[in-house]
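Working notes, structure below.
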Amino acid sequence: NAGVTQTPKFQVLKTGQSMTLQCAQDMNHNSMYWYRQDPGMGLRLIYYSASEGTTDKGEVPNGYNVSRLNKREFSLRLESAAPSQTSVYFCASQRLGNTGELFFGEGSRLTVL
Amino acid sequence: GEDVEQSLFLSVREGDSSVINCTYTDSSSTYLYWYKQEPGAGLQLLTYIFSNMDMKQDQRLTVLLNKKDKHLSLRIADTQTGDSAIYFCAPHASGGSYIPTFGRGTSLIVHP
Numbered sequence: 644n645a646g647v648t649q650t651p652k653f654q655v656l657k658t659g660q661s662m663t664l665q666c667a668q669d670m671n672h673n674s675m676y677w678y679r680q681d682p683g684m685g686l687r688l689i690y691y692s693a694s695e696g697t698t699d700k701g702e703v704p705n706g707y708n709v710s711r712l713n714k715r716e717f718s719l720r721l722e723s724a725a726p727s728q729t730s731v732y733f734c735a736s737q738r739l740g741n742t743g744e745l746f747f748g749e750g751s752r753l754t755v756l
Numbered sequence: 559g560e561d562v563e564q565s566l567f568l569s570v571r572e573g574d575s576s577v578i579n580c581t582y583t584d585s586s587s588t589y590l591y592w593y594k595q596e597p598g599a600g601l602q603l604l605t606y607i608f609s610n611m612d613m614k615q616d617q618r619l620t621v622l623l624n625k626k627d628k629h630l631s632l633r634i635a636d637t638q639t640g641d642s643a644i645y646f647c648a649p650h651a652s653g654g655s656y657i658p659t660f661g662r663g664t665s666l667i668v669h670p
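Take a look at the structure:
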């Protein structure tokens with residue numbers, strides 16, 4: 644059982660380049676999330692998807708777009724990367740009912756030069 | 559939205575108890591989670607408490623909830639070097655949204 648899988652694990656971009664972070668979960672969860680983690684800032688929600696076909700902005704959506712391709716996959720796109728987007732990005736899926744626990748991927752470490 | 563406050567660092571000696579504190583603002587929080595993040599990894603659920611409980615014990619972990627003061631704490635007994643990690647408090651407010659709000663995380667450093 645792989646859980647939540649993120650790719651790539653590491654990426655270096657130049658300012659202005661674009662890229663897509665991929666996320667897939669195999670737990671049949673409806674809800675999926677993208678967070679960024681910066682030192683001293685904790686986790687900040689970028690976008691989330693409550694179910695297939697729906698997406699909503701979180702706390703820090705500017706400069707990002709998302710696609711919920713199907714129930715398993717939720718991708719995050721940076722159209723024109725900026726140094727301020729240097730961060731560690733985490734994808735998570737959520738088991739509703741019961742405890743509502745979030746399951747996280749291992750993270751994607753992005754550096755924008 | 560919910561505001562969650564945690565201190566950023568805690569340093570303890572191996573074998574001592576660690577207490578990580580968290581305050582939150584939304585009194586309607588239903589579940590209150592503690593997540594653990596080991597170096598270079600994602601977060602994993604460590605434990606949680608329902609809002610109708612005052613205390614929950616799970617082996618070396620004790621969670622205390624003071625709803626009146628909106629204060630949550632995580633006590634780790636007999637702290638080991640393997641407990642060195644970042645601990646996140648994440649209340650989950652009721653009212654339609656299922657998204658937990660994360661604190662900034664407390665880095666626990668355990669030294670011999």
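If you read the sequences in order, they're chains A and B.
Numbering-wise (the numbering used here), the first sequence opens with residue 644 and increments by one.
Numbering-wise (the numbering used here), the second sequence opens with residue 559 and increments by one.
We put the beta carbon where it would ideally sit given N, CA and C, even for glycine.
With a threshold of 16 other beta carbon atoms within 10 Å, residue 564 (chain B) meets it and is buried. The beta carbons of residue 629 (chain B) and residue 583 (chain B) sit no closer together than 7 Å. About 11 Å separates the CB atoms of residue 568 (chain B) and residue 575 (chain B); that is not less than 8 Å, and the two are not in contact. When the five nearest sequence neighbours on each side are left out, the beta carbons in the same chain lying within less than 7 Å of the beta carbon of residue 643 (chain B) are those of 594, 595, 596, 666, in order along the chain. For residue 691 (chain A), the neighbours in chain B by C-beta distance under 9 Å run, in chain order, 657. Taking 7 Å as the CB threshold, residue 630 (chain B) stays off the interface with chain A. In the structure shown, the three-state DSSP call for residue 728 (chain A) is helix. Residue 711 (chain A) sits away from residue 722 (chain A), with the two beta carbons spaced by 7 Å or more. If you draw a straight line from the Cα of residue 665 (chain A) to the Cα of residue 649 (chain A), it comes to about 6 Å.
Rounded to the nearest angstrom, the gap between the Cα atoms of residue 752 (chain A) and residue 725 (chain A) is 14 Å.
The way I'd put it, the stretch 728-739 of chain A does touch the stretch 671-681 of chain A; three or more beta-carbon pairs between them come closer than 8 Å. Not one beta carbon of chain A lies nearer than 7 Å to the beta carbon of residue 618 (chain B).
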